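**Student:** Before anything else, here's the structure in question.
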C-alpha cells in the first residue's frame with residue numbers, strides 16, 4: 443500500500459485566521475481532550491461532600507451510585523453506539539450472582555469478588571455480542587438482549603442448588619475492605635467503596651469515549667454504512683464496547699451483592715432492564731453523566747411516588763416514561779444540558 | 129399429565145400434546161397478529177400490545193363473573209372494548225410516535241405497560257381472574273384413540289377461522305391492498321388518494337381487538353392477572369421476530385412452533401421451564417436473522 | 261502496469277433479473293472517467309459491486325491488479341477505494357472536524373486507540389485542517405453536520421472520502437441537489453481534486469460530465485454499451501438514440 447499523503451500538513455496557506463487560531467479551534471472541538479470543566483469537578487466534589495455531610499443517607503446513596511454506574515454502562519452501548527438493549531439486567535444480575543457466590547465459596551475479600559463479577563459479565567457480553575451483529579435492526583437486537591436476560595433469569599430460577607432459586611442466595615458475607623474497613627450497618631464503607639469504584643470506572647469511560655475509538659463509535663451510531671466505507675471495522679468496534687459495557691454492568695451488580703450481602707432473582711428481573719433505561723433517559727443519553735444524574739432523579743421520584751401510593755408507584759414511573767416521550771427527550775434534556783454547556787463553556 | 133414416566137413414548141399422548149400445542153400456538157397467533165402488522169409491517173415497536181389482551185381478558189372475566197353473561201356473549205365485548213380504546217390511543221398517542229426513534233417507542237410502550245399493569249391491579253386486585261367455561265366446552269373427547277380437550281378443539285376452530293379471515297382481508301380485499309400500499313410507501317399511498325391515517329387507525333383497532341379476543345380466549349389456559357402484559361410480552365415479540373416481517377404467514381408458523389415447543393417442553397422437560405423458548409428464539413435468529421419468512 | 265480499477269466480466273443477478281451483465285471496465289491511473297446511462301441502466305448496482313456493498317454473482321473486481329472481489333467494503337476502503345454517495349451519508353451529530361478527523365485517524369490505523377484523545381495527535385490536526393480548508397469547510401468546522409447548508413454537506417461528503425487518501429475515488433452524482441448558488445464552489449473543488457487520484461464520476465448532469473471527464477462509458481440495461489472520449493461518445497449515433505435522445509425529449 444502506498445504511504446503518500448494527499449495533502450502534506452501545513453503546505454496549504456490558510457486564509458483568514460492564523461493557523462494557530464484554527465488549530466486551537468479544531469482542538470477545542472475535538473475538544474473533550476481530557477481537560478476538566480468546572481461543572482464536572484463540581485459534580486464529583488458534591489459526591490465527595492455527600493460522603494462526609496450526609497452520613498444518614500449512606501444506604502440510600504449507595505443504591506443511587508450503583509444504579510448510576512449501571513445506567514452509565516448502558517450509556518456506553520446506547521448513547522455511544524446506538525444499541526437499544528432491553529436485557530442489560532443480564533449482566534448486572536450475573537455480576538451480582540458471581541460476586542455473591544465468590545464470597546460464599548471462594549473468598550470474602552471484596553475486590554476479588556468485584557473483579558470476578560465484572561469479568562464474568564464481560565465474558566458473557568463478549569460471547570453474546572456477535573448475536574447483535576446478525577442483523578443491524580433494533581428489533582433483532584432488542585429481542586436478542588431480552589432473550590438472553592430471560593434465559594439467565596430462568597437459569598438462575600431453575601438452578602436452585604447454586605443460586606438458592608426463588609429464595610435468593612443465602613450466606614453472602616463480605617470481609618472488611620483492605621482488611622480494615624468493615625461493611626457497617628450505616629452503609630458508610632459501602633458508600634465510600636461504591637463511590638470510589640464508580641469514580642474510577644467513570645474516569646476510564648470518559649477517557650475511552652473521547653478517544654478516536656469513542657469517535658468511531660459515535661460515527662457508527664450516526665451512520666454505520668458510511669463508517670464502514672471510511673474503513674471502520676464496525677463489527678469489531680461494537681463487540682468491544684458491548685463487552686466493556688457488560689463488564690461495567692457486572693461490576694455494578696457485584697457492588698449491589700457485596701453492599702447488601704444478598705442476591706435474589708430480582709437482580710435478573712425484567713424491570714431492572716426497563717428501570718435502567720428510564721434512569722438513563724431521565725438523565726440524558728450520550729454524555730456519561732446522564733446515568734448518574736438520572737439515578738438521583740429516579741430515586742427521588744421513587745421516593746415521592748411511594749409515599750403517595752406505596753403499592754402503585756410503578757404506575758407513576760410508567761406515566762413519567764410516557765410523558766417524557768410525548769414531550770420529547772430532547773426538549774427535557776435540553777434544559778439541564780443547556781445549563782451544563784453554559785457552565786462548561788464558561789462565558790460563551 | 130401425571131403419568132409421564134410410563135407413557136412418554138405413547139404416540140396417542142404425543143398427538144394430544146401436539147394438538148394442545150397447536151391450540152396454544154394458534155391462540156398466540158391471534159394474540160400477536162395485531163403486533164405482526166404494527167411491528168412487522170409498520171415497524172413500530174409496541175411493547176404494550178399485551179395491555180389490549182389484558183383488557184379483553186378482563187372484559188370477559190368481569191362480564192361473566194359480575195354480570196352473569198355467558199362465555200360466548202362476552203367475546204364481542206372482549207374484542208370491541210380494546211378495539212375502541214386502541215383506536216383512540218392510536219389517534220391520540222401512537223400516531224405521534226411512528227416516525228420517532230425506536231428507543232422512544234420502546235420507552236413509551238414500556239411506560240404504557242407499567243401503567244396498565246398497576247391500573248388493573250388497583251381496579252380489580254392482583255388475583256387471577258377465573259372463569260367457568262360452559263359445560264359443552266369442558267372435558268375431553270376421543271378421536272381415533274387420541275384424547276382431545278374440547279376447549280382446545282374449540283380454540284383451534286375459532287382461531288383457524290380468524291387466521292383464514294385475516295389472511296383473506298390482508299391479501300384479497302381492497303382494504304388489505306391499501307394497507308400494504310400505505311405500509312410500503314406512505315407518501316405514494318397518499319398520492320393515490322389513500323387515507324393513510326384512517327387505514328392505520330382501523331388496523332391498529334382491529335389488531336388491539338384481536339389481542340383482546342385472544343386474551344379472553346386465553347383466560348382458561350394462559351391465566352389472566354394484572355401482570356399478563358409483562359409475562360407474555362416476550363412471547364408476542366418472539367412470534368413476530370422469529371416469524372419475520374413479510375406478512376402473516378411467518379408469524380403464524382412461528383406461533384405454531386412456539387406453541388408446540390412450549391407445551392412439549394413443559395411436558396417432557398418441565399425443569400427447563402421457558403428456557404426452551406428463549407433458546408429456540410435465539411437459535412432461529414442465528415440461523416435466520418430476518419425471521420422464518422423474510423421480506 | 262495494471263489499471264487503477266478494473267472489472268472482468270462482472271455480473272450481478274437478482275433472481276432472474278440481470279442488473280449487471282458481464283461488464284468489462286477499465287479505469288486508468290489518474291483518469292477522469294465518467295459513467296453515464298439512462299435511469300435504470302444499472303449504474304448504482306455497478307458502483308455497489310465495485311465498493312462491495314453487494315456481492316457479485318460472477319466476475320472480478322481488480323484494484324491496482326489485486327483481486328478484491330471477495331473483500332468487504334471496509335477492506336476495500338483500506339486498500340484505497342473511496343467513494344461518495346448520491347444521497348449524503350454523513351454523521352449528522354458530528355462536526356466536520358470530527359468527521360474528517362475520524363476518517364484520517366482510521367486511515368492511519370489509529371481508530372482502535374481507546375486511550376489517547378484525537379486532540380493529542382498534532383499530525384492529524386494539521387492534515388484535517390488542510391482538508392477542511394481545501395473543501396471550504398473551515399468556517400463551519402465546529403458546527404454539527406446536520407445544521408450545515410446542503411452544499412457544505414456535499415463538500416463534507418467529498419472531504420471525508422478524500423481523508424481516506426484513496427487511490428481510486430467513486431463520485432456518485434456529487435452535484436445532485438446542490439442549489440445554484442452553491443454549485444460553483446462545488447465544481448471548483450471537484451476540478452481541484454489531486455491529479456494522482458483516479459476518479460470515476462457517476463453523473464446525470466451532462467454539463468458536469470463534459471466539463472470534468474476525459475473519458476466516458478455508457479451503461480445501458482446493465483451492459484457496457486459504448487466508451488470513448490466525450491467527443492466520440494457524443495457523436496456515436498447509437499448513444500444519441502438511447503441516451504442523449506432521451507434527454508432531448510425530456
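Residue numbers (this note's numbering), protein chains in the order written: chain A, 443 to 790; chain B, 129 to 423; chain C, 261 to 510.
Ideal placement from N, C-alpha and C gives every residue a C-beta, glycine not left out.
Nothing here was measured: the structure is a model prediction, and the numbers come from that model.
1. For residue 458 of chain C, which residues does DSSP report across the bridge?
2. Residue 303 of chain C: buried (16+ other C-beta within 10 angstroms of its C-beta) or exposed?
3. Report the option in C/277, C/341, C/290 and C/284 whose CA atom is closest to the CA atom of residue 312 of chain C.
4. I need the DSSP call for residue 477 of chain C, collapsed to helix, strand or coil.
5. For a minimum of 4 consecutive residues, which ranges assigned as the alpha helix (DSSP H) are wholly contained in the stretch 343-367 of chain C?
6. List the residues of chain A that residue 315 of chain B touches, going by C-beta distances under 7 Å, in chain order.
7. Just verifying my parser: in three-state terms, what is the DSSP assignment at residue 374 of chain C?
8. Can you pull out the residues from the stretch 386-408 of chain B whose beta carbon lies closer than 8 Å to at least one beta carbon of chain A?
9. Just mark residue 307 of chain C as buried or exposed, buried being the case when its beta carbon has 16 or more other beta carbons within 10 Å.
10. Short check: CB of residue 154 of chain B to CB of residue 340 of chain B, under 8 Å?
11. Examine chain A for any beta-carbon lying closer than 8 Å to the beta-carbon of residue 331 of chain C, and answer yes or no.
12. I'd like to confirm the pairing. Which residues does DSSP put opposite residue 292 of chain C in its beta bridges?
13. Where DSSP assigns a beta bridge to residue 271 of chain C, which residues make up the other side?
14. Determine, using beta carbons only, whether residue 353 of chain B and residue 754 of chain A come nearer to each other than 8 Å.
15. Below 8 Å on the Cβ atoms is my contact criterion, and I expect residue 650 of chain A with residue 524 of chain A to pass it. Report the Cβ-Cβ distance as a whole number of Å.
16. Which residue wins for smallest C-alpha separation from residue 358 of chain C, given the options C/458, C/451, C/405 and C/263?
17. Give the residues from the stretch 214-231 of chain B that approach chain A closer than 8 Å (Cβ to any Cβ), ordered along the chain.
18. When you measure from the CB of residue 576 of chain A to every non-hydrogen atom of the ligand FAD, does any distance come out below 7 Å?
19. For residue 655 of chain A, go through chain F and note every residue whose CB falls closer than 7 Å to its CB, in chain order.
20. In this structure, how does DSSP classify residue 484 of chain C when only helix, strand and coil are distinguished?
21. What three-state label does DSSP hand residue 489 of chain C in the structure shown?
22. Would you be able to state if there are at least three C-beta pairs under 8 Å between the stretch 223-237 of chain B and the stretch 164-176 of chain B?
23. Hey, is the stretch 189-201 of chain B in contact with the stretch 538-550 of chain A, meaning 3+ C-beta pairs nearer than 8 Å?
24. Going by DSSP, what residues sit across from residue 280 of chain C in a beta bridge?
25. Mapping the DSSP letters down to three states, classify residue 496 of chain C as helix, strand or coil.
26. Which residue marks the beginning of the alpha helix (DSSP H) containing residue 442 of chain C, and which one marks its end?
27. Go ahead and label residue 323 of chain B buried or exposed: buried means 16 or more other beta carbons lie within 10 angstroms of its beta carbon, across all protein chains shown.
28. Does residue 72 of chain B have its Cβ less than 8 Å from a Cβ in chain A?
29. If I'm right that residue 458 of chain C touches residue 427 of chain C with Cβ under 8 Å, what's the distance once you round it to whole angstroms?
30. Can you give the beta carbon distance from residue 425 of chain C to residue 367 of chain C, rounded, assuming they're within the 8 Å contact cut?
31. Going by DSSP, which residues form a beta bridge with residue 268 of chain B?
32. Please check if any C-beta of chain A sits within less than 8 Å of the C-beta of residue 249 of chain B.
33. Can you tell me the Cα-Cα spacing of residue 493 of chain A and residue 625 of chain A, whole angstroms?
34. Could you please give the first and the last residue of the uninterrupted alpha helix (DSSP H) stretch that includes residue 609 of chain A?
35. Buried or exposed: where does residue 664 of chain A fall if 16 or more other Cβ atoms within 10 Å of its Cβ makes it buried?
36. On the three-state DSSP scale, how would you describe residue 479 of chain A?
**Tutor:** Based on what the coordinates show:
1. Here the question's residue 458 of chain C lines up with position 198 in the third chain. Its beta-bridge partners are C/428.
2. Along the third chain, one-based indexing puts residue 303 of chain C at 43. Classification of residue 303 of chain C: buried, given that the 10 Å Cβ count is 16 or more.
3. Translated into the one-based positions of the third chain, residue 312 of chain C becomes position 52. Put simply, of C/277, C/341, C/290 and C/284 the residue whose alpha carbon is nearest the alpha carbon of residue 312 of chain C is C/341.
4. Within the third chain, numbered from 1, the residue matching residue 477 of chain C stands at position 217. If DSSP states are grouped into helix, strand and coil, residue 477 of chain C belongs with the strands.
5. You should have 356-367.
6. Here residue 315 of chain B corresponds to residue number 187 of the second chain, with the count starting at 1. Simply none; closest approach about 22 Å.
7. One-based indexing of the third chain puts residue 374 of chain C at position 114. It is coil, neither helix nor strand.
8. Answer set for the stretch 386-408 of chain B: 399, 400, 401, 402, 403, 406 and 407.
9. Taking the third chain and counting its residues from 1, one reaches residue 307 of chain C at position 47. Buried.
10. Locating residue 154 of chain B in the second chain gives position 26, counting from the first residue. Locating residue 340 of chain B in the second chain gives position 212, counting from the first residue. Taking 8 Å as the Cβ cut-off, residue 154 of chain B and residue 340 of chain B do not qualify as a contacting pair.
11. Position 71 of the third chain, counted from the first residue, corresponds to residue 331 of chain C. Output row for residue 331 of chain C: interface = no.
12. For this step, residue 292 of chain C is matched to residue 32 along the third chain. Beta-bridge pairing links residue 292 of chain C to C/459.
13. Indexing the third chain from 1 puts residue 271 of chain C at position 11. DSSP output for residue 271 of chain C lists C/318 as bridge partner(s).
14. As a first step, residue 353 of chain B must be located in the second chain, where it is residue number 225. As a first step, residue 754 of chain A must be located in the first chain, where it is residue number 312. Cβ atoms of residue 353 of chain B and residue 754 of chain A: not closer than 8 Å.
15. Working through the first chain from its first residue, we reach residue 650 of chain A at position 208. Working through the first chain from its first residue, we reach residue 524 of chain A at position 82. About 16 Å; that fails the 8 Å criterion.
16. To locate residue 358 of chain C, count along the third chain from 1; it is residue 98. It is C/405.
17. 221, 224, 225, 228, 230 and 231
18. As far as ligands go, the structure on display features none, and thus does not contain the ligand FAD.
19. You won't find chain F in this structure, because its protein chains are A, B and C.
20. As a position in the third chain, residue 484 of chain C is number 224, starting the count at 1. Here residue 484 of chain C sits in strand by DSSP.
21. By one-based count along the third chain, residue 489 of chain C stands at place 229. Coil, per DSSP.
22. yes
23. no
24. Locating residue 280 of chain C in the third chain gives position 20, counting from the first residue. Answer is C/272.
25. Reading the third chain from its first residue, position 236 is the one you call residue 496 of chain C. Coil.
26. Sequence index remark: in the third chain, residue 442 of chain C carries index 182 (1-based). That run of the alpha helix (DSSP H) goes 440-451.
27. Start at 1 with the first residue of the second chain, and residue 323 of chain B comes out as number 195. Classification of residue 323 of chain B: exposed, given that the 10 Å Cβ count is below 16.
28. Outside the shown range of chain B (129 to 423) lies residue 72 of chain B, about which nothing can therefore be said.
29. For the purposes of this step, residue 458 of chain C is identified with residue 198 of the third chain, where counting begins at 1. For the purposes of this step, residue 427 of chain C is identified with residue 167 of the third chain, where counting begins at 1. With 8 Å as the limit, residue 458 of chain C and residue 427 of chain C qualify as a contact, their Cβ atoms being about 7 Å apart.
30. Taking the first residue of the third chain as position 1, residue 425 of chain C is located at position 165. Taking the first residue of the third chain as position 1, residue 367 of chain C is located at position 107. At roughly 6 Å, the Cβ-Cβ gap stays under 8 Å, so residue 425 of chain C and residue 367 of chain C are in contact.
31. For this step, residue 268 of chain B is matched to residue 140 along the second chain. By DSSP's assignment, residue 268 of chain B forms a beta bridge with B/277.
32. For the purposes of this step, residue 249 of chain B is taken as the residue at position 121 of the second chain. So yes, residue 249 of chain B belongs to the interface.
33. Locating residue 493 of chain A in the first chain gives position 51, counting from the first residue. Locating residue 625 of chain A in the first chain gives position 183, counting from the first residue. Taking the straight line from one Cα to the other gives about 15 Å.
34. Here residue 609 of chain A refers to the residue found at position 167 of the first chain. Unbroken run through residue 609 of chain A: none, as it is neither H nor E.
35. For the purposes of this step, residue 664 of chain A is identified with residue 222 of the first chain, where counting begins at 1. Answer is buried; the Cβ neighbour count reaches 16.
36. Start at 1 with the first residue of the first chain, and residue 479 of chain A comes out as number 37. Correct three-state label for residue 479 of chain A: coil.
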